[in-house]
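Before any comments, here is the structure.
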Amino acid sequence: MTGADYLLPFRTKLRSMRTESFGADPAGARMERIRRSPHFVDGVFQNPVGARTRPSGSTVEFAKIYFHKEQRARRTPTGTVPVHATTLADLAAPPATGLRLTWMGHSSVLAEIDGRRILFDPVWGERCSPFPFAGPKRLHPAPLSLAALGPVDVVVISHDHYDHLDLPTIRALAGTDTVFAVPLGVGAHLERWGVPTSRMHELDWNETATVAGINLTATPARHFCGRGLRNQQHTLWASWAVAGPEHRIYHSGDTGYFPGFRDIGAEHGPFDATMIQIGAYSEYWPDIHMTPAEGMRAHLDLQGGRPHGVLLPIHWGTFNLAPHPWAEPGEWTKDAGEEAGQAVAFPRPGEPFEPAGKLPAEAWWRAVSQPIAHPWRRPRGAESVAETSRGDMDLAGER
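Residue numbers (our numbering): -6 to 392.
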């Protein structure tokens, strides 16, 4: 047996796994629709403002930071993350105020709005990776099983990265009657995994689908797409503005800061609650993820420039995806909220709350985190987040 013969079964296995987990490229009528999109230029989807999607700076320096023993320890909790074991009793009674949010970890949120149930970016898999044996692993379990979640009216996907679009989760949901709302091109993955096109709303930016009386609008974001090394940029990324008869909510997906938040807020807001990405930021990719300071600015922009509604921080605490300390996004967001006078909810994963009711406010992460340096804090008397332009912000890359 030659070395090549010995490796053949492993290569075959990898090829088979790629076929399943990497999804499918848009083709046919779907690709024709993509080509007609005003946001598809020169063969790729374009961001609303320029964005570098590949890490900048020295790869060697990044590797030194990322794999440094002490720094690696800071990127994980020191003990068991206090997950709220969501039960049927927690979700059985409808929200008294008509709006209830349950953060399931990372960017997964169950929103119960005006009698309907919307599930954003559901990821129940153990790893956000194309392979079950490698890639970022969950730092805490899912608060409840998908089967225990109960019926969902619509599943909303922000983009096709592994920590937002999870094969085992989608396969499980494909066996239900739920409808899917996804950005343009993402439907190719879902169709490959068993979701019929009759149960999909595939939207370009600023297009709206109505499901069970709820309007779901795909709004711009500053990010990118792709599930493999050969990234053709043929699937769109989006944030989502959701409007029911009585309430409005917003989910940012993944995005860098950009002035378009003001336009989204002017057209679709103000919002009773926003779910804003505040984790996995780095000076190596400043254009495609927001720091907590930028996330707070985005929320204020969405609300017309003033504190309003409730901000729920997302995209942190569940997977180790960036060089910053594990609990830093929570701590920084807490400071940013206090500085801006903005209400922020800090639920444990799985802890339901109503934005119009009593908000979970305890800094629960401190019990399982190493000490945090707070490098973003300004001297007393410095201008507030609400008054700070983006150019003056204390970004991660300015520490």
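For glycine and all other residues, C-beta sits at the position ideal for the given N, C-alpha and C.
Any idea what DSSP makes of residue i, helix, strand or coil?
{"i": "T(-5)", "result": "The predicted position of T(-5) is uncertain, since its pLDDT is 41 and thus under 50; no value can be drawn from it."}
{"i": "M268", "result": "strand"}
{"i": "L304", "result": "strand"}
{"i": "H182", "result": "helix"}
{"i": "H216", "result": "coil"}
{"i": "I106", "result": "strand"}
{"i": "M24", "result": "helix"}
{"i": "E13", "result": "helix"}
{"i": "A135", "result": "coil"}
{"i": "V74", "result": "coil"}
{"i": "V361", "result": "helix"}
{"i": "L160", "result": "helix"}
{"i": "R68", "result": "coil"}
{"i": "R45", "result": "coil"}
{"i": "L142", "result": "helix"}
{"i": "T169", "result": "coil"}
{"i": "T190", "result": "helix"}
{"i": "A127", "result": "coil"}
{"i": "A211", "result": "strand"}
At what residues does the alpha helix (DSSP H) containing residue i begin and finish?
{"i": "R370", "result": "Counting along the chain, R370 falls outside any alpha helix (DSSP H), and DSSP gives it neither H nor E."}
{"i": "E276", "result": "Per DSSP, E276 belongs to no alpha helix (DSSP H) and is neither H nor E."}
{"i": "E260", "result": "253 to 261"}
{"i": "D405", "result": "It is not possible to answer for residue 405, since the shown part of the chain is limited to -6 through 392."}
Here's a check: name, in chain order, each residue in its chain whose Cβ is nearer than 6 Å to the Cβ of residue i, leaving out the five neighbours to either side.
{"i": "P213", "result": "P41, W198, G253"}
{"i": "G237", "result": "I106, D107, I207"}
{"i": "P340", "result": "W96, F346, P353"}
{"i": "T171", "result": "V145, V148"}
{"i": "W117", "result": "A135, L139, T162"}
{"i": "E13", "result": "none"}
{"i": "H244", "result": "F113, W233, M268"}
{"i": "E25", "result": "none"}
{"i": "G178", "result": "P19, I27, H227, T228, L229"}
{"i": "Q39", "result": "H32"}
{"i": "T79", "result": "P136, L137, G343"}
With distance defined between alpha-carbon atoms, name the residue in the options nearest to residue i.
{"i": "H152", "options": "K130, S191, F217", "result": "F217"}
{"i": "E195", "options": "P75, T228, G168", "result": "T228"}
{"i": "G36", "options": "G298, E260, Q226, L304", "result": "Q226"}
{"i": "A349", "options": "A89, G16, P19, M24", "result": "A89"}
{"i": "A17", "options": "E321, G258, P285, L160", "result": "L160"}
{"i": "E321", "options": "K351, P285, D256, R26", "result": "P285"}
{"i": "P75", "options": "T311, Q335, H367", "result": "T311"}
{"i": "R93", "options": "W369, G343, G128", "result": "G343"}
{"i": "P410", "options": "S362, E324, E119", "result": "With the chain covering only -6 through 392, there is no way to say anything about residue 410."}
{"i": "V361", "options": "G249, P176, G72, T79", "result": "G72"}
{"i": "G168", "options": "H154, W186, Y155", "result": "W186"}
{"i": "A329", "options": "A315, P306, R255", "result": "P306"}
{"i": "R109", "options": "V204, I365, P279, R220", "result": "V204"}
{"i": "G262", "options": "G302, A174, W278, G98", "result": "G302"}
{"i": "D83", "options": "G128, G143, A44", "result": "G143"}
{"i": "E260", "options": "T201, T80, W278, D280", "result": "T201"}
{"i": "V102", "options": "A315, G298, H308, T46", "result": "H308"}
{"i": "Y277", "options": "R164, R45, V188", "result": "R45"}
{"i": "G258", "options": "E287, E239, L295", "result": "L295"}
{"i": "D265", "options": "D280, V34, I281, L304", "result": "L304"}
{"i": "G91", "options": "A165, E239, V188, A78", "result": "E239"}
Who are the near neighbours of residue i in its chain, counting only those whose CB is closer than 8 Å to its CB and skipping five residues on each side?
{"i": "T69", "result": "L132, N313, W319"}
{"i": "G246", "result": "S100, D114, S151, H152, H157, A214, H216, W230, A231, S232, W233, Q270"}
{"i": "T190", "result": "G180, E184"}
{"i": "K327", "result": "V337, F339, A356"}
{"i": "A66", "result": "Q363"}
{"i": "V235", "result": "A104, I106, I111, V149, I207, N208, L209, T210, R241, I242, Y243, H244"}
{"i": "E119", "result": "P125, K130, R131"}
{"i": "F15", "result": "P123, R220, G221"}
Would you kindly report the start and end of the unbroken beta strand (DSSP E) that includes residue i?
{"i": "T203", "result": "201 to 204"}
{"i": "W96", "result": "92 to 98"}
{"i": "I196", "result": "Ile is not the amino acid found at residue 196; the sequence shown has Leu there. L196 -> beta strand (DSSP E) spans 193 to 196."}
{"i": "A236", "result": "232 to 236"}
{"i": "A174", "result": "172 to 176"}
{"i": "Y155", "result": "Element bounds for Y155: n/a, residue is neither H nor E."}
{"i": "H244", "result": "241 to 244"}
{"i": "V148", "result": "147 to 149"}
Give a yes or no on whether 9 Å exceeds the smallest Cβ distance from residue i to chain C.
{"i": "S30", "result": "No chain C appears in the structure shown, which is made up of a single protein chain."}
Please list, in chain order, all residues of the same chain as residue i whose beta carbon is under 7 Å from its beta carbon, the five residues on each side excluded.
{"i": "S30", "result": "L177, D197"}
{"i": "M283", "result": "T248, G249, Y250, Q270, I271, Y274, A291"}
{"i": "M193", "result": "F173, V175, G180, L183"}
Entirely enclosed beta strand (DSSP E) segments - the region 290 to 348, minimum 3 residues: Runs found: 303 to 307.
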